[in-house]
């Protein structure tokens, strides 16, 4: 609790005046779920009996105007205000670590418009990803953004954290699909970006808010590109000699001008595990899932050209079964009993870099983590699943089954591993993160990553949020004091 | 006296950090509140199991709001038996003479 005595009651009264009593939550039971998003550290802290860091108030506005009024209230009382969508972030970006107000936007969940001429749709930022997709599917349409978090994430969260889904190689990340947004600035003004994302009318205001993780404002509505559901979506799996050959095959497919919706390449460690569980066979090498979608004629043609590249590289055709299985079960690993949970220590230390750097980066990080943390029996696996014309994302994961029993020792080990992984990425042409965001977890490394450009980021924050109330302490921006 | 929720610790631990069944939970779809879901229930009961929470009126209300439709269990890949957790919580409440 950051507010004492009658000041708490005064702020409560004012919040109730804006959104109504039933939309201001103050009971311990109601606030407890906001003590952890999907960040390992917050979950571990709760699992081991730590006192959660909770907001004083959870506010659920029903309109953009209410959001603006709550933000103005936060400025007037100088209270931290933290936007919350689905709470599925893995970086601690939505945690109210300084108390104050959590602004849960899930009541902003209306599908506002579907423009079938332009193939765009607009919806409230709080709409659930799966429920949105079901509404679009009912019209034969789709927002082809399928993150593992689709069942609990929101549209606003997709954009706030620059999220990515499993079909991003063809359709792009959330940031590539956004056309325009409505947002409330840190001082409470309601703004709309230009009606189209491509223009020559000054710097991109849209891209300032996308990826800002709630530090520069609250996204309240978004207009997104959508597609008609493809007639065909097919998958095929291949076994390649090793990761080196697999990376070359993926690059050649991208540089051939093909548009696969999926290129999913597993390193040798992940291959051994995946092929055994999916196809029931022992396999050595690098497992590759390729996917194409669209009209049947185009898919036939693109498959022929991509498969020729695979065969030229000596790949063994494993048929469609493994790929179809992966597509049908792509979210299973995030359900119990498969999802990783404390007491295990784990993290996805993914990054992205250009093709010329990717193999050195991957091998350096694998060696660094496996060697440094051998005593902890750290297991490192990787796959490469978001491919660009210029480079590729490595989705690499570390797991330690038996971390220190003491929670502060566990945090120390966690932070050491993340620092080693991040600095290895930065040293090899990568970045701190490709699609999970920065949040609390990686914020402290942002000045190191940006170098002389970092003060510019800080000045943008100060200019937009002079009282530092909007999700303070995230993205490496100043703490709330 | 042993708490009934001790027998549902597997469910509590499966659900306390998971919201994958959110699109199927009628309670959540009605209010959109984080607490109105298997995760919200599991977190509240986990604190009680840890000796850091109590069966307050709010917890009693929460347990009463679940209508045991079991849609979450149907939706869950692991078919976690959420109703068993909720019923165990209600049994603890009944044992305290605070049943709703």
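Chains as they are written, first to last, in my numbering: chain A, 665 to 1145; chain B, 834 to 933. In this text, a Cβ means the ideal position worked out from N, Cα and C, and glycines have one as well.
For residue 794 of chain A, at least one C-beta of chain B is nearer than 8 Å to its own C-beta.
Contacts with chain A at 8 Å (Cβ-Cβ) do not include residue 860 of chain B. Here residue 1054 of chain A is exposed. Its C-beta has fewer than 16 other C-beta atoms within 10 Å. Boundaries of the alpha helix (DSSP H) around residue 1111 of chain A: 1110-1114. Residue range 842-848 is occupied by the beta strand (DSSP E) that includes residue 848 of chain A. With respect to the 8 Å criterion, residue 1102 of chain A and residue 1140 of chain A are classified as neighbours on the basis of their beta carbons. Assignment of beta-bridge partners to residue 777 of chain A by DSSP yields A:786. Between the segment 1094-1113 of chain A and the segment 712-722 of chain A, the count of Cβ pairs shorter than 8 Å is below three; the stretches do not touch.
Between residue 743 of chain A and the set A:751, A:752, A:760 and A:727, the nearest pair of CA atoms involves A:760. Straight across, the Cα-Cα distance linking residue 888 of chain A with residue 935 of chain A is about 35 Å. When DSSP states are grouped into helix, strand and coil, residue 1030 of chain A belongs to the helix group.
Here the segment 825-845 of chain A lies against the segment 809-816 of chain A, with 3 or more beta-carbon pairs under 8 Å apart.
Take residue 916 of chain A, set aside five residues on each side of it, and the residues of its chain with a beta-carbon closer than 7 Å to its own are 973, in chain order. Taken through DSSP and simplified to helix, strand or coil, residue 792 of chain A comes out as strand.
Secondary structure at residue 871 of chain B: helix, using DSSP grouped into helix, strand and coil.
At least one beta carbon of chain A lies nearer than 8 Å to the beta carbon of residue 909 of chain B.
Excluding five sequence positions before and after residue 984 of chain A, the CB atoms of its chain that fall closer than 8 Å to its own CB belong to 898, 899, 900 and 901, given in chain order.
Close partners of residue 921 of chain B in chain A (Cβ separation under 7 Å) are lacking, with about 17 Å as the shortest Cβ gap. Annotation: residue 1015 of chain A to residue 998 of chain A spans about 20 Å, alpha carbon to alpha carbon.
A straight line joining the alpha-carbon of residue 682 of chain A with that of residue 671 of chain A spans about 17 Å. With a threshold of 8 Å between beta carbons, residue 878 of chain B makes no contact with chain A.
Here the C-alpha atom of residue 1130 of chain A lies approximately 17 Å from the C-alpha atom of residue 877 of chain A. In the three-state DSSP reduction, residue 804 of chain A falls in the coil class, being neither helix nor strand. Nearest C-alpha to residue 704 of chain A among A:1064, A:1124 and A:862: A:1064.
No Cβ of chain B is located within less than 8 Å of the beta carbon of residue 1063 of chain A. Legend: CB atoms of the segment 927-955 of chain A lying less than 8 Å from CB atoms of chain B are not found in any residue.
Of the residues assessed, residue 883 of chain B falls on the exposed side of the cut-off, its CB having fewer than 16 other CB atoms within 10 angstroms. For residue 872 of chain B, a Cβ of chain A is located within less than 8 Å of the residue's own Cβ. Of all residues in the segment 799-824 of chain A, only 815 and 816 come within less than 8 Å of chain B when Cβ atoms are compared, listed by chain position. Look at the segment 831-885 of chain A and you find these whole runs of beta strand (DSSP E), each 3 residues long or longer: 842-848 and 854-856. Under a criterion of Cβ atoms nearer than 9 Å, the residues of chain B adjacent to residue 752 of chain A are, in order, 852. Fully contained in the segment 987-1054 of chain A are the following alpha helix (DSSP H) runs of length 4 or more, in chain order: 1019-1036. Residue environment analysis places residue 914 of chain A among the buried positions, since at least 16 neighbouring C-beta atoms fall within 10 angstroms of its C-beta. Across the structure, residue 1004 of chain A and residue 714 of chain A are spaced so that their CA atoms are roughly 20 Å apart. Nearest to residue 1050 of chain A by C-alpha distance, out of A:706, A:925 and A:794, is A:925. The three-state secondary structure of residue 683 of chain A, taken from DSSP, is helix.
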